[in-house]
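Chains as they are written, first to last, in the numbering used here: chain A, 50 to 195; chain B, 50 to 195; chain C, 50 to 195; chain D, 50 to 195.
From the three backbone atoms N, C-alpha and C, an ideal C-beta is built for every residue, glycine too.
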DNA sequence: GTGGTCTAGACCACA
DNA sequence: GTGGTCTAGACCACC
């Protein structure tokens, strides 16, 4: 559980931690029930204050992705396969998606390229069985562009 | 040039202004060369401090989307048709895209649904089918450009 | 003596145990003189550390609801019928009641609805209508006492 | 806006602040749209650290009772007359109500007395027009006890 | 002016 | 050992 942080970024550290964990959950690297390092431990590993880690964990808890336990620390609460999102999540999320995609389009990335980037990111979340291991029939994305 | 702002949002006002303008550019509503209202005018229209508008315009200038002349005010500097993005844009943008898509996946939105949302957003930007390409019945905006 | 605990709750486990026992006493399920399982036994049943059970029992003892003998274990010390509360109890309790009811009112529950909830909770405690008083068809528990 | 705190209480300070504000909202002392003192100001007034006030305000924000604004500070977001609570609120609240009422019953307070306390608390939330001032037709609660 | 972030260190509650 | 609370002071972002 080592996260790479950029202490000079304008993105707050606690948000970087949160983002990396969200991505790890999306990619399946952290499955439901997985345990995360304790706040103090992770703070030491990252060379930051434990309050900062605390804030990241608390944010993830509020988002429903983590559950915090006095005994066993932080556990991953949900997962890609836990079920559909809570109502209200999608609307707010699509607003942010719209802004982000608009940014690329305004900068001259054409629609198929944008959609290709989205598809590429999504495939990067599925292991796609690097070894001969069963290759779980993933959706075929990427050819809907163009 | 009427923007809808949410003064109670956790998103800073200057960022909301910037976001709305970026979306207007992406949708073709604001084409290259279009002029924006003066900072003071827009500030009055929105009922906010003109420094806030100034900050939004300056951010857009830094991003290469606006150019600001002392005499002609703010003009849209670039466009979906202007050409490919500056080098360095895409990498940073894809990092943010990755985080945003991860959020949806972690909350249980499956990959096809995510890709569908991306496609839906893009079609909502489509400026009335500039090329003969199928022109999926989107809203018809954008004929004020050129 | 089976208690349902939520190990992931933000309510400490020892408090959950205490709460469930208080509710059992209020409903008449545990009458004065009833014996509770030993701390070690209950700890095993619940799959938790016996110190946690100990802490719950000790808290109940401090509150005057339990008395603990070295030989006969934990016995219910008092009851709804035992008599009026110790002086000082009511003031502190009403302070907490005030806060709790305020929460509902602030969230838009109107006064009659709040009072209705209070009444409903009380009838759920009713030990099979001890006096002739209307006896609104509640669940029938509590005949194991005396 | 002066709150009375007990620094020696085992109830965390930030929770005491939150409780007092909830009660003020319930009693109508703080109506929707009312502004609260800034975190730093209130911290100075109470002689505590501003982070503690911050935590109380943030908790109220999460509960939907406050909205925080960089410009105008904290404003009361909702009210007794704003509308019904969000779904899910009542269930969790009734669980806590059950525990609290059980405590009184177990200590020997009889049901009518408990209900009377509830009614008394509720009437304390309605001003009941202490001066001749219009006496806004409030709900008639309190006589349903006994 | 406002709130937000980060650091640092102390002490306590829980299991 | 875990997380939770409180304090203290610094710096930054927003308006």
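Closest in alpha carbon position to residue 53/A, among 81/A, 79/A, 94/A, 78/A, is 94/A.
The shortest C-alpha to C-alpha distance from residue 56/C to any of 120/A, 133/A, 167/A is the one to 120/A.
Here the C-alpha atom of residue 148/C lies approximately 35 Å from the C-alpha atom of residue 139/A. For the stretch 117-129 of chain A, the set of positions with a beta-carbon nearer than 7 Å to some beta-carbon of chain C reads 118 in chain order. Below the 9 Å Cβ cutoff, chain B contributes 129, 133, 134, 138, 139, 142 as neighbours of residue 158/A, in chain order.
Just so you know, the alpha carbons of residue 115/D and residue 107/B end up roughly 32 Å apart.
Straight through space, the alpha carbons of residue 88/D and residue 124/D are spaced by roughly 12 Å.
Residue 127/A is positioned such that its CB atom lies no closer than 7 Å to that of residue 117/A. Residues are counted here when their Cβ sits less than 8 Å from a Cβ of chain B; for the stretch 65-88 of chain A these are 68, 71, 72, 74, 75, 76, given in chain order. For residue 75/A, same chain residues with a beta-carbon under 6 Å away, outside a window of 5 residues either side, are 174 in chain order. Within chain C, 72, 170, 173 have C-beta atoms less than 8 Å from the C-beta of residue 147/D, given in sequence order. Across the set 141/B, 130/B, 160/B, 60/B, the C-alpha of 160/B shows the shortest separation from the C-alpha of residue 133/A. Secondary structure note for residue 125/C: its beta strand (DSSP E) is the uninterrupted segment 122-125. Under the DSSP definition of a beta bridge, residue 116/D partners with 124/D. Residue 142/B and residue 166/A have their C-alpha atoms some 10 Å from each other.
Burial state of residue 129/D is buried, judged by a 10 Å Cβ sphere holding 16 or more other Cβ atoms. Sequence-distant Cβ neighbours of residue 102/C in its own chain, meaning closer than 7 Å and more than five residues away, are 66, 88, 91, 92. For residue 55/B, the closest Cβ of chain D is not nearer than 7 Å.
A direct Cα-Cα distance of roughly 10 Å separates residue 79/B from residue 155/A. Contact between residue 151/B and residue 72/A holds: CB atoms are separated by about 4 Å, below the 8 Å threshold. Residue 157/A is a Cβ neighbour of residue 131/B, given a cutoff of 7 Å. Rounded to the nearest whole angstrom, the CA to CA distance from residue 100/A to residue 105/D is 17 Å.
Listed by position along chain A, the residues whose Cβ is nearer than 7 Å to that of residue 166/B are 143, 146. In the structure shown, residue 84/C falls within a strand segment according to DSSP collapsed to helix, strand and coil.
Residue range 99-111 is occupied by the alpha helix (DSSP H) that includes residue 103/A. Looking at 136/B, 85/B, 62/B, 58/B, the one whose alpha-carbon comes closest to that of residue 122/B is 85/B.
In the DSSP annotation of this structure, the continuous segment of the alpha helix (DSSP H) that includes residue 161/A starts and ends at 160-174.
Short of 8 Å from the beta carbon of residue 68/C, and not among the five residues preceding or following it, lie these beta carbons of its own chain, in chain order: 60. Straight-line spacing of the CA atoms in residue 136/A and residue 82/C works out to 50 Å. Around the beta-carbon of residue 96/C, fewer than 16 other beta-carbon atoms lie within 10 Å, marking it exposed. Taking 7 Å as the CB threshold, residue 153/A lines the interface with chain B. With respect to chain A, the C-beta atom of residue 150/B has a partner C-beta closer than 7 Å. Annotation: the continuous alpha helix (DSSP H) that includes residue 70/A extends over 62-75. Counting along the chain, residue 150/A sits inside the alpha helix (DSSP H) bounded by residues 138-155. Around the beta carbon of residue 70/C, 16 or more other beta carbons lie within 10 angstroms, which makes this residue buried.
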